[in-house]
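The listed protein sequences derive, respectively, from chains A and B.
Positions in the first sequence are counted from 1; adding 9 to them yields our numbering.
Positions in the second sequence are counted from 1; adding 9 to them yields our numbering.
For reference, the structure discussed in these notes is given below.
There are 2 protein chains.
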Amino acid sequence: MIRLALDAMGSDKGPAATVAGAAQVSLRDDAPHIILVGDTAQIQSELARNPHAPERIRVVHAAEVVPMDASPRDALDALPDASMLVAARLVAAGEADVLVSAGNTGAVTLACARTFARLPGVGRAALGAVVPTEARHGARSDPFSLLLDAGLTLDPSADDLFAFALMGSAYAQRISRNPRPRVALLSNGAEPGKGPPAVVEAHARLAAYAALPGSPLDFIGNIEGMDIPRGTADVIVTGGFVGNIVLKMLEGVSDTVMRTARAAGERRWRYAAGLWLLSPAIRRVRQVTDWQQYGGVPILGFDHLCIKAHGRSTARAISNALKVATITARTDLVGGMRAALELR
Amino acid sequence: MIRLALDAMGSDKGPAATVAGAAQVSLRDDAPHIILVGDTAQIQSELARNPHAPERIRVVHAAEVVPMDASPRDALDALPDASMLVAARLVAAGEADVLVSAGNTGAVTLACARTFARLPGVGRAALGAVVPTEARHGARSDPFSLLLDAGLTLDPSADDLFAFALMGSAYAQRISRNPRPRVALLSNGAEPGKGPPAVVEAHARLAAYAALPGSPLDFIGNIEGMDIPRGTADVIVTGGFVGNIVLKMLEGVSDTVMRTARAAGERRWRYAAGLWLLSPAIRRVRQVTDWQQYGGVPILGFDHLCIKAHGRSTARAISNALKVATITARTDLVGGMRAALELR
Numbered sequence: 010m011i012r013l014a015l016d017a018m019g020s021d022k023g024p025a026a027t028v029a030g031a032a033q034v035s036l037r038d039d040a041p042h043i044i045l046v047g048d049t050a051q052i053q054s055e056l057a058r059n060p061h062a063p064e065r066i067r068v069v070h071a072a073e074v075v076p077m078d079a080s081p082r083d084a085l086d087a088l089p090d091a092s093m094l095v096a097a098r099l100v101a102a103g104e105a106d107v108l109v110s111a112g113n114t115g116a117v118t119l120a121c122a123r124t125f126a127r128l129p130g131v132g133r134a135a136l137g138a139v140v141p142t143e144a145r146h147g148a149r150s151d152p153f154s155l156l157l158d159a160g161l162t163l164d165p166s167a168d169d170l171f172a173f174a175l176m177g178s179a180y181a182q183r184i185s186r187n188p189r190p191r192v193a194l195l196s197n198g199a200e201p202g203k204g205p206p207a208v209v210e211a212h213a214r215l216a217a218y219a220a221l222p223g224s225p226l227d228f229i230g231n232i233e234g235m236d237i238p239r240g241t242a243d244v245i246v247t248g249g250f251v252g253n254i255v256l257k258m259l260e261g262v263s264d265t266v267m268r269t270a271r272a273a274g275e276r277r278w279r280y281a282a283g284l285w286l287l288s289p290a291i292r293r294v295r296q297v298t299d300w301q302q303y304g305g306v307p308i309l310g311f312d313h314l315c316i317k318a319h320g321r322s323t324a325r326a327i328s329n330a331l332k333v334a335t336i337t338a339r340t341d342l343v344g345g346m347r348a349a350l351e352l353r
Numbered sequence: 010m011i012r013l014a015l016d017a018m019g020s021d022k023g024p025a026a027t028v029a030g031a032a033q034v035s036l037r038d039d040a041p042h043i044i045l046v047g048d049t050a051q052i053q054s055e056l057a058r059n060p061h062a063p064e065r066i067r068v069v070h071a072a073e074v075v076p077m078d079a080s081p082r083d084a085l086d087a088l089p090d091a092s093m094l095v096a097a098r099l100v101a102a103g104e105a106d107v108l109v110s111a112g113n114t115g116a117v118t119l120a121c122a123r124t125f126a127r128l129p130g131v132g133r134a135a136l137g138a139v140v141p142t143e144a145r146h147g148a149r150s151d152p153f154s155l156l157l158d159a160g161l162t163l164d165p166s167a168d169d170l171f172a173f174a175l176m177g178s179a180y181a182q183r184i185s186r187n188p189r190p191r192v193a194l195l196s197n198g199a200e201p202g203k204g205p206p207a208v209v210e211a212h213a214r215l216a217a218y219a220a221l222p223g224s225p226l227d228f229i230g231n232i233e234g235m236d237i238p239r240g241t242a243d244v245i246v247t248g249g250f251v252g253n254i255v256l257k258m259l260e261g262v263s264d265t266v267m268r269t270a271r272a273a274g275e276r277r278w279r280y281a282a283g284l285w286l287l288s289p290a291i292r293r294v295r296q297v298t299d300w301q302q303y304g305g306v307p308i309l310g311f312d313h314l315c316i317k318a319h320g321r322s323t324a325r326a327i328s329n330a331l332k333v334a335t336i337t338a339r340t341d342l343v344g345g346m347r348a349a350l351e352l353r
């Protein structure tokens with residue numbers, strides 16, 4: 010039985026969204042056991058209003074909550090019984106398999122760093138993210154690539170990039186049901202010598218690792234900016250500074266295109282009619298970037314996994330994050346990452 | 010009289026495109042004087058077939074040509090009389106005001122570095138590029154921001170970023186007729202403390218410089234990825250690694266959208282009709298990213314200017330690059346950059 014520790018107080022909407030999401034998941038046939046961590050009174054009152062399977066839900070009290078806009082270090086120092094810390098301690102103690110939180114990203118990461126141990130060979134943690142692509146990925150035909158790091162480690166060393174590649178590969182194998190995900194380094198040219206020194210060195214190490222007998226890694230080398238939307242790679246490895254800019258730029262492009270199209274539509278019947286005809290296709294593209302659909306992204310690098318849901322998560326987004334967490338536990342993602350890191 | 014030195018042998022199409030572009034420009038009322046540098050016989054035969062103003066065109070012979078795919082260092086070492094080097098020497102000697110080349114980008118930059126002097130306060134050079142934006146910029150309502158560096162200096166120091174900001178501001182003032190261009194650093198958050206150390210330090214220096222009495226700089230702080238397509242800043246300052254990825258990703262997004270739309274159009278009459286109705290708007294967006302339209306981008310950092318045209322330049326692109334070069338000479342861009350760099 011998979012057991013998940015859900016920080017019930019994280020997310021902008023508080024327990025209303027998290028408890029409703031957990032309640033929905035508890036009613037499924039293959040539901041995991043869910044520990045709701047937070048203010049018992051609030052959680053119980055939300056549970057009372059949502060149909061759920063009581064034998065699959067347990068409540069653990071935590072008196073404090075990290076505010077969404079708090080400084081992570083100050084907040085965790087001041088709030089030792091914050092729901093995310095209590096939930097992380099349940100995971101570290103073996104009472105749950107995976108931590109799920111929609112709280113303050115920096116604070117959740119720091120809670121992991123303070124409560125979990127780093128995997129051998131991992132210097133710094135990475136946050137995964139999904140990028141909508143033209144190509145499909147894995148047996149589930151996922152319309153997105155995994156990109157890491159999305160912002161935790163701004164300026165990674167070659168060792169960090171190497172570890173990100175192995176961890177991202179193990180994650181994509183399990184989440185996209187893709188036995189040999191194509192892993193690439195993001196650079197300013199396809200040649201192995203292109204990029205700043207850390208990228209060039211990581212390229213050499215990944216190529217050597219991929220050539221080992223029985224290597225789990227399919228390293229396809231460097232990709233360039235135009236390969237991101239195309240979906241050339243299943244896993245895109247880069248530093249957190251570049252990753253953050255890439256992800257926010259994609260958001261910005263899609264917002265700008267929608268806004269421009271709408272403005273054009275208001276001005277001319279011709280454009281309005283064109284947009285109406287294309288609207289099913291536009292909706293499909295939007296669904297890919299929809300974080301409610303995807304639910305959660307992994308914090309990778311520790312001996313326990315955390316699935317981070319978006320701060321604006323609805324009940325539906327939370328239930329999807331719980332499903333992702335269940336898959337990672339069932340497929341022993343942490344064991345897979347550990348084995349990949351030990352091979353070298 | 011403005012005098013331009015045009016590397017007539019650069020570009021994939023050779024003298025056919027460069028000479029035709031120069032010939033077109035020579036017929037305008039306010040035409041500059043153009044020195045065509047390259048193989049005299051080939052240039053004369055192209056001139057013979059293009060109407061032009063002979064009193065405004067001079068040919069200077071250069072026996073050698075740098076191949077488009079050559080290693081820059083090896084090529085310049087082996088070809089001391091390459092057309093781009095001869096043209097750069099004419100500029101350095103004061104016989105021409107601006108160098109224009111559609112040749113191998115790395116080789117053109119190295120030719121500048123070997124022939125020109127760096128401006129005081131500039132450690133490394135930057136290549137400018139234009140990014141299509143939702144917002145309009147300057148008195149000409151240009152539909153693009155200037156981004157630098159586009160790939161010359163992968164990992165700039167705070168000093169480099171500082172110099173890029175001042176040079177980019179001086180360029181945008183002249184090219185977009187924008188007396189106070191809004192200049193921003195690209196980072197992973199709006200706060201001054203966000204980003205790797207070089208970005209944080211450059212932020213502090215630019216803020217202090219903008220606060221000087223009579224400062225020519227309007228520094229609006231950090232922008233994030235979503236601000237790029239929106240056009241929040243007139244000038245976006247970043248390192249060449251990030252700049253290259255951002256620019257190629259924008260290319261890739263527009264290609265992917267067009268390809269996906271076309272595929273959808275083939276499958277369904279509904280999408281085909283919608284695309285037909287929207288086609289004028291789509292064409293307008295494509296024009297912004299059209300390098301033929303814009304013609305050339307600046308190599309900034311030296312005591313002489315080089316306008317780099319695209320390798321695939323047509324005659325029209327070359328004539329636009331010559332116009333951009335003429336504006337920079339008429340408005341004394343190099344003097345403006347020098348004055349801005351000396352203020353601190």
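Even for Gly, the Cβ is constructed at its ideal location relative to N, Cα and C.
From a predicted model like this one, the values you see are computed outputs, not experimental measurements.
Short CB-CB distance (under 8 Å) between residue i and chain A
i	result
B/P152	no
B/L286	yes
B/I237	yes
B/P205	yes
B/K257	yes
B/T265	yes
Bridge-paired residues (DSSP) for residue i
i	result
B/S154	B/V140
A/K22	In the DSSP output, where bridge partners are listed per residue, A/K22 has none listed.
A/L13	A/I43, A/V107
B/K317	B/S110, B/V306
B/H70	B/G47
B/I245	B/L156, B/A193
B/H146	B/D151
B/F311	B/R127
Under 8 Å between C-beta atoms of residue i and residue j
i	j	result
B/T124	B/R239	no
A/V69	A/V95	yes
A/L363	A/M346	Only positions 10 to 353 of chain A appear in the structure, and residue 363 of chain A is not among them; the question remains open.
B/I229	B/R191	yes
A/V75	A/G112	yes
A/V255	A/L170	no
A/L163	A/G248	yes
B/A32	B/D312	no
A/A167	A/A207	yes
B/F250	A/N197	yes
B/S92	B/G19	yes
B/V107	B/I316	yes
A/V109	A/L15	yes
B/A26	B/T337	no
A/L342	A/A179	yes
B/L309	B/G130	no
Chain B contact for residue i (CB, 8 Å cutoff)
i	result
A/E260	yes
A/E233	yes
A/A326	no
A/D164	yes
A/V244	no
A/N197	yes
A/F250	yes
A/G283	yes
A/G160	yes
A/V192	no
A/N113	no
A/R133	no
- Going along the chain, which unbroken runs of the alpha helix (DSSP H) with 4 or more residues stay wholly within the stretch 78-136 of chain A? Those alpha helix (DSSP H) runs which fall completely within the stretch 78-136 of chain A and span 4+ residues are 81-87, 92-101, 114-124.
- Task: Determine contact between the stretch 88-104 of chain B and the stretch 54-68 of chain B, defined as no fewer than three beta-carbon pairs at a distance below 8 Å.
- Result: Segment contact: the stretch 88-104 of chain B against the stretch 54-68 of chain B, fewer than three CB-CB distances shorter than 8 Å; contact not assigned.
- Message: Ignoring anything shorter than 3 residues, give me the beta strand (DSSP E) runs that lie fully in the stretch 154-240 of chain B, in order along the chain.
- Response: 191-195, 227-232
- Query: Pairing CB atoms from the stretch 146-158 of chain A with CB atoms from the stretch 277-287 of chain A, are three or more of them under 8 Å?
  - Reply: no
- Message: Under 8 Å, with one C-beta from each stretch per pair, do the stretch 259-267 of chain A and the stretch 152-166 of chain A reach the 3-pair mark?
- Response: no
- Message: Under 8 Å: do the stretch 332-348 of chain A and the stretch 178-186 of chain A share three or more Cβ pairs, one atom per stretch?
- Response: yes
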